[in-house]
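Heads up, the sequence shown is in the numbering used here, so the first residue is 9 and it goes up one at a time.
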Amino acid sequence: MAVRMCPHCKTEISASISAARSNDIECPKCEARLEVASGSRTISTLCGLAAGTIAWRLSRGSSSDLGGVLPTLYAFLAFGIVSPLVLMFTANLRNAPAIPVSIPAQAGVHDAHGAAGHGSDHH
Ligand SMILES: [Zn+2]
């Protein structure tokens with residue numbers, strides 16, 4: 009089974025965190041921004057849909073009185089339960105795309121006064 013780990017410091021990230029906040033996870037140790045790889049989200053959604061469909065068919069075959077309502081409810085519940093579960097077990101973490109504004113320096117710091125300074129003043 010896939011273990012959710014921070015790709016930076018190999019810290020294990022608990023399944024509940026990755027399921028609850030799959031779009032924006034922070035590594036508890038090194039505070040790297042992580043996200044669940046989109047592939048696992050697709051898988052979990054598909055499994056949820058499949059479960060919903062199955063639930064819908066099963067409940068539709070059995071009940072006759074509340075025919076229209078219950079199957080939809082069951083399908084909805086099945087999707088809501090299965091999808092996050094699958095996500096918890098399949099999720100792979102990857103680095104989240106860096107926030108555009110605060111790109112960690114490394115570029116820029118050294119050049120800070122190379123470009124602007126040293127203006128040759130005319131006489
Ligand atoms: Zn980390």
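Just so you know, even glycine gets a beta-carbon here, dropped at the ideal spot from N, CA and C.
- Contact annotation: Arg-12 and Ala-23 have beta-carbon atoms nearer than 8 Å.
- With a beta-carbon spacing of about 7 Å, Ile-21 and Cys-35 fall inside the 8 Å limit used to define contacts.
- Straight through space, the alpha carbons of Asn-103 and Tyr-82 are spaced by roughly 36 Å.
- Within the same chain, Cβ atoms closer than 6 Å to the Cβ of Ala-45 are found at Asn-100 and Arg-102, the five residues on either side in sequence being excluded.
- Residues of the same chain with a CB within less than 6 Å of the CB of Glu-39, apart from the 5 flanking positions on each side, do not exist.
- Within its own chain, the residues whose Cβ lies closer than 6 Å to the Cβ of Ala-86, once the five positions on either side in sequence are excluded, are Ala-59, Gly-60 and Ala-63, listed in chain order.
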